[in-house]
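Protein chains: 2
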Amino acid sequence: MKDLQPVIDYISRYVDLTDDEKKHLVTFLKITKVKKRQFIVQPGFVCRHKSYVVKGAFRGYLVDNVGKEHTLSFAIEDWWISDYSSLIYQEPATLFVEALEDSVLIQIEYEDEQKFLKEIPKLEKFERIITQRSLAFHQKRLLSNLTKTAEERYDEFMSKYSAIAKRVPQYALASYLGFSTEYLSKIRNRKISKS
Amino acid sequence: MKDLQPVIDYISRYVDLTDDEKKHLVTFLKITKVKKRQFIVQPGFVCRHKSYVVKGAFRGYLVDNVGKEHTLSFAIEDWWISDYSSLIYQEPATLFVEALEDSVLIQIEYEDEQKFLKEIPKLEKFERIITQRSLAFHQKRLLSNLTKTAEERYDEFMSKYSAIAKRVPQYALASYLGFSTEYLSKIRNRKISKS
DNA sequence: AAATAAAAATGAACTGGTTTAGGAAATAGA
DNA sequence: TCTATTTCCTAAACCAGTTCATTTTTATTT
Chain A
1 MKDLQPVIDY
11 ISRYVDLTDD
21 EKKHLVTFLK
31 ITKVKKRQFI
41 VQPGFVCRHK
51 SYVVKGAFRG
61 YLVDNVGKEH
71 TLSFAIEDWW
81 ISDYSSLIYQ
91 EPATLFVEAL
101 EDSVLIQIEY
111 EDEQKFLKEI
121 PKLEKFERII
131 TQRSLAFHQK
141 RLLSNLTKTA
151 EERYDEFMSK
161 YSAIAKRVPQ
171 YALASYLGFS
181 TEYLSKIRNR
191 KISKS
Chain B
1 MKDLQPVIDY
11 ISRYVDLTDD
21 EKKHLVTFLK
31 ITKVKKRQFI
41 VQPGFVCRHK
51 SYVVKGAFRG
61 YLVDNVGKEH
71 TLSFAIEDWW
81 ISDYSSLIYQ
91 EPATLFVEAL
101 EDSVLIQIEY
111 EDEQKFLKEI
121 PKLEKFERII
131 TQRSLAFHQK
141 RLLSNLTKTA
151 EERYDEFMSK
161 YSAIAKRVPQ
171 YALASYLGFS
181 TEYLSKIRNR
191 KISKS
């Protein structure tokens, strides 16, 4: 069960669990290994779990009606990822979630989570807090997209998430920031010639 | 206390409260009346409550460093509004939240909410669920901004939220959808001349 | 009802970012 | 280690949406 400890540790940052609660919780967690380029969520299928990244990197993205990809989220070690809308409403996903590297996940099934939220009410608080933080994050990103230029968004991302930028393909980063790959090249070039 | 019933009803859509719990909860709710153009949240001040709109309309927006306004959210009857980031982290707000009409609110203070979340754990579940839904909403909006053209976003908003569109000034709508007022005029004109 | 302020419309000039099309580099697979 | 595929770069033409400047319409206040 030692492999499942990271999720217990993660939750323990927000709520205090007794040893019994921890033991109980662990029975609901599953380790999954996935290869690079493998999908853990696909459009049309209902998303069955939320996934905690133990090792590796993921990308959640939408393909629009002209075939263009738009990245909603990244996840590396110690982050969670899924198609959130699909998960909470248990409706077909619209996103792909794809491994960018060979990766290891700890997953929680939707029904299991509903079950233990009833059994351990403390976990409601955990869920509330991380959802609130995620919401605050998304609001900031929305405002950033509304108020900033492409280059400003790029700079902001590089200063906050350079660890992610180093590990994801450039087209994925561009489509996260909301502009074309070509324009990302242009931005990078501007910076190099300035220095 | 009849005036406070709408919030009790709202919460009861998501969790079952006993009469005692309802009575207890009501003691934490406050009615506030505000005039058109009045602010209930201002940048620099820590946001102290979340507000449920009984009557009226509000707009939450950011003013960027060149003085341009960017609307993050609207709220009319039966919606909630605040500067969410400021509220949950209890740090200075970045948003203005302004009444677009003479309005009536039911407010919950931050500390009071922390208190009754401890006293009535059921409310953790309520908070979790509405935060999850709000997060799903924001993710959809982010994707919509990434994938759709200005006109598509306009059409989408008009079909989903025409009730809001009718009540808010046009510059507020344009800044919510992420383009200039002038361009909104252009879009509307295109539509009129088409029909 | 008049005066003033706020909001919406219009059109021309402009620009941030896209598109298209090509070639160069890097990765992965066998 | 060779080949195929994926990723990245460059540059010119282009366009969706902005900016600026002015006018018209609609609310608000006195």
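Order-wise, the sequence lines are chains A and B. Each residue of the first sequence is one higher than the last, beginning at 1 in UniProt numbering. Each residue of the second sequence is one higher than the last, beginning at 1 in UniProt numbering. Note that beta-carbon positions come from the ideal geometry of N, C-alpha and C, so glycine has one too.
Exercise for the section: Can you say whether B/Ile192 is buried or exposed, counting buried as having 16 or more other CB atoms within 10 angstroms of its CB? Expected result: Taking the second sequence and counting its residues from 1, the one referred to as residue 192 of chain B is at position 192. Looking at its Cβ environment, which holds fewer than 16 other Cβ atoms inside 10 Å, B/Ile192 is exposed.
Stretch pair the region 143-152 of chain B + the region 149-158 of chain A: three plus CB contacts closer than 8 angstroms:
A contact is defined here as three or more CB-CB pairs under 8 angstroms, and the region 143-152 of chain B fails this definition with respect to the region 149-158 of chain A.
*Test: A/Arg141 CB closer than 8 angstroms to a CB of chain B*: Within the first sequence, residue 141 of chain A is the residue found at index 141, counting from 1. Judged by the 8 angstroms Cβ criterion, A/Arg141 is in contact with chain B.
Taking Cβ-Cβ distances shorter than 9 angstroms, what residues in chain A pair up with B/Ile88?
-> Against the second sequence, residue 88 of chain B aligns to sequence position 88. Against chain A, the beta carbon of B/Ile88 has neighbours under 9 angstroms at Ile129, Gln132, Arg133, Leu135, Ala136, listed in chain order.
Within 10 Å of its beta-carbon, does B/Val66 have 16 or more other beta-carbons around it, so buried, or fewer, so exposed?
Here residue 66 of chain B refers to the residue found at position 66 when the second sequence is read from its first residue. So B/Val66 counts as exposed.
For the alpha helix (DSSP H) containing B/Arg13, list its first residue and its last residue. By 1-based counting over the second sequence, the position of residue 13 of chain B is 13. Unbroken run through B/Arg13: none, as it is neither H nor E.
**Report entry** Nearest-angstrom Cβ-Cβ length linking B/Ile164 and B/Ile76, presumed shorter than 8 angstroms
**Finding:** Translated into positions along the second sequence, residue 164 of chain B becomes position 164. Translated into positions along the second sequence, residue 76 of chain B becomes position 76. Contact holds; Cβ gap of about 6 angstroms.
message = Would you say A/Asp64 lies against chain B (beta-carbon separation less than 8 angstroms)?
response = Translated into positions along the first sequence, residue 64 of chain A becomes position 64. Output row for A/Asp64: interface = yes.
Next on the checklist: Counting beta carbon pairs with one atom in the region 34-41 of chain A and one in the region 102-119 of chain A, are three or more of them shorter than 8 angstroms?
Outcome noted: In short, these stretches touch, since the Cβ pair count reaches three.
Exercise. When you compare each of A/Asp83, A/Phe45, A/Phe96 to A/Lys68 by their alpha carbons, which one comes out closest?
Worked result: On the first sequence, position 68 is the one that residue 68 of chain A refers to. Of A/Asp83, A/Phe45, A/Phe96, the residue nearest in Cα terms is A/Phe96.
* Asked: According to the neighbour-count rule (16 or more other Cβ atoms, all chains shown, within 10 Å of its Cβ), is A/Ile31 buried or exposed?
  -> For the purposes of this step, residue 31 of chain A is taken as residue 31 along the first sequence, with counting starting at 1. Exposed.
Cutoff 8 angstroms; reference B/Leu4; Cβ partners in own chain excluding five residues on either side: Against the second sequence, residue 4 of chain B aligns to sequence position 4. Sequence-distant Cβ neighbours of B/Leu4 in its own chain, meaning closer than 8 angstroms and more than five residues away, are Val26, Leu29, Ile31, Ile106.
message = Would A/His70 pass as an interface residue toward chain B - the criterion being a Cβ-Cβ separation below 8 angstroms?
response = Taking the first sequence and counting its residues from 1, the one referred to as residue 70 of chain A is at position 70. Interface criterion met: the Cβ of A/His70 is under 8 angstroms from a Cβ in chain B.
Could you give the residue range of the alpha helix (DSSP H) that holds B/Arg128? Counting from 1 along the second sequence, the entry for residue 128 of chain B is found at position 128. Annotation: the continuous alpha helix (DSSP H) that includes B/Arg128 extends over 122-147.
Where do the ends of the beta strand (DSSP E) carrying A/Phe74 lie? Walking along the first sequence from the start, residue 74 of chain A turns up at place 74. For A/Phe74, the uninterrupted beta strand (DSSP E) run begins and ends at 69-75, by DSSP.
Task: Cutoff 8 angstroms; reference A/Val46; Cβ partners in own chain excluding five residues on either side - done: In the first sequence, the residue the question calls residue 46 of chain A occupies position 46. Excluding its 5 nearest sequence neighbours in each direction, A/Val46 has C-beta neighbours in its own chain below 8 angstroms: Ser86, Gln90, Glu91, Pro92, Ala93, listed in chain order.
Am I right that A/Leu17 and B/Leu142 are in contact with their C-beta atoms under 8 angstroms? What's the rounded C-beta distance?
Working through the first sequence from its first residue, we reach residue 17 of chain A at position 17. Working through the second sequence from its first residue, we reach residue 142 of chain B at position 142. Not confirmed; about 33 angstroms, so no contact.
message = Extract the residue ranges of the beta strand (DSSP E) inside the UniProt domain "Cyclic nucleotide-binding" (33-118) of chain B, only unbroken runs of 3 or more that lie entirely within it.
response = 39-41, 49-55, 58-63, 69-75, 96-99, 103-109, all fully within the UniProt domain "Cyclic nucleotide-binding" (33-118) of chain B.
message = Tell me whether the region 124-139 of chain A and the region 160-175 of chain A touch, counting them as touching only if at least three CB pairs, one residue from each stretch, are closer than 8 angstroms.
response = Too few Cβ pairs lie closer than 8 angstroms, so no.
Would you list the one or two residues that DSSP bridges to B/Ile31?
Against the second sequence, residue 31 of chain B aligns to sequence position 31. In the DSSP output, where bridge partners are listed per residue, B/Ile31 has B/Ile106.
So, are the CB atoms of A/Ile8 and A/His49 less than 8 angstroms apart? If you number the first sequence from 1, residue 8 of chain A lands on position 8. If you number the first sequence from 1, residue 49 of chain A lands on position 49. Judged by their CB atoms, A/Ile8 and A/His49 are not nearer to each other than the 8 angstroms cut-off.
Can you confirm whether A/Asp146, when its beta carbon is compared against all beta carbons of chain B, has any partner nearer than 8 angstroms?
Taking the first residue of the first sequence as position 1, residue 146 of chain A is located at position 146. First, the amino acid is wrong: residue 146 of chain A is Leu here, not Asp. A/Leu146 counts as touching chain B.
For this session: Excluding the 5 residues preceding and the 5 following B/Ala172 in the sequence, name in chain order all residues of the same chain whose CB lies nearer than 7 angstroms to its CB.
Result: The residue you call residue 172 of chain B lines up with position 172 of the second sequence. Taken in chain order, the residues that qualify are Arg59, Thr71.
Query raised in the report: Along chain B, which residues have their Cβ under 8 angstroms away from the Cβ of A/Ser85?
Result: On the first sequence, position 85 is the one that residue 85 of chain A refers to. Here the neighbours are Ala136, Gln139, Lys140.
Report task. Go through its chain and collect everything with a Cβ distance to A/Glu119's Cβ below 6 angstroms, but skip five positions before and after it. Result -> Within the first sequence, the letter at position 119 stands for residue 119 of chain A. Excluding sequence neighbours, A/Glu119 sits near nothing in its chain.
* Specify the secondary structure class of A/Val168 as computed by DSSP and reduced to three states. => Within the first sequence, residue 168 of chain A is the residue found at index 168, counting from 1. A/Val168 sits in coil when the DSSP states are folded into three classes, being neither helix nor strand.
Item to check | Contacts around A/Lys122, its chain only, beta-carbon distance under 8 angstroms, and the 5 residues preceding and following it disregarded | outcome: Mapped onto the first sequence, residue 122 of chain A falls at position 122. Beyond the five residues adjoining it in sequence on each side, A/Lys122 comes within less than 8 angstroms, by CB distance, of Val15, Asp16, Leu17, Glu21 in the same chain, given in chain order.
*Look at the alpha carbon of residue 197 of chain A and the alpha carbon of B/Phe137, and state the distance between them as a whole number of angstroms.*
It is not possible to answer for residue 197 of chain A, since the shown part of chain A is limited to 1 through 195.
In this structure, how does DSSP classify B/Phe179 when only helix, strand and coil are distinguished? Working through the second sequence from its first residue, we reach residue 179 of chain B at position 179. Three-state DSSP puts B/Phe179 in coil, outside helix and strand.
message: Do A/Glu127 and B/Arg128 have their beta-carbon atoms positioned less than 8 angstroms apart in this structure?
response: Locating residue 128 of chain B in the second sequence gives position 128, counting from the first residue. Locating residue 127 of chain A in the first sequence gives position 127, counting from the first residue. Yes, they are a contact pair.
Spatial neighbours of A/Pro43 within its chain, please: C-beta separation below 6 angstroms, excluding the five flanking residues on both sides.
Taking the first residue of the first sequence as 1, we reach residue 43 of chain A at position 43. Same-chain partners within the cutoff: Ala93, Thr94.
Open item on the list: Determine, for A/Lys50, whether the minimum Cβ-Cβ distance to residues of chain B falls below 8 angstroms.
Closed with: Within the first sequence, numbered from 1, the residue matching residue 50 of chain A stands at position 50. No, no contact with chain B.
| query | In terms of residue numbering, what span does the alpha helix (DSSP H) encompassing A/Leu25 cover? | reply | The residue given as residue 25 of chain A occupies position 25 in the first sequence. Counting along the chain, the alpha helix (DSSP H) containing A/Leu25 begins and ends at 19-26.
With 16 other CB atoms within 10 Å as the buried threshold, where does B/Ser162 fall? As a first step, residue 162 of chain B must be located in the second sequence, where it is residue number 162. Here B/Ser162 is exposed: its Cβ has fewer than 16 other Cβ atoms, across all protein chains shown, within 10 Å.
| query | Taking any Cβ of chain A, which residues in the region 178-189 of chain B have a Cβ under 8 angstroms from it, in chain order? | reply | Listed by position along the chain: Gly178.
Using a Cβ-Cβ cut-off of 8 angstroms (strictly less than) and excluding sequence neighbours within five positions of A/Lys125, which residues of its own chain qualify? Along the first sequence, read from residue 1 onward, the residue named residue 125 of chain A stands at position 125. Excluding sequence neighbours, A/Lys125 sits near Tyr14, Val15.
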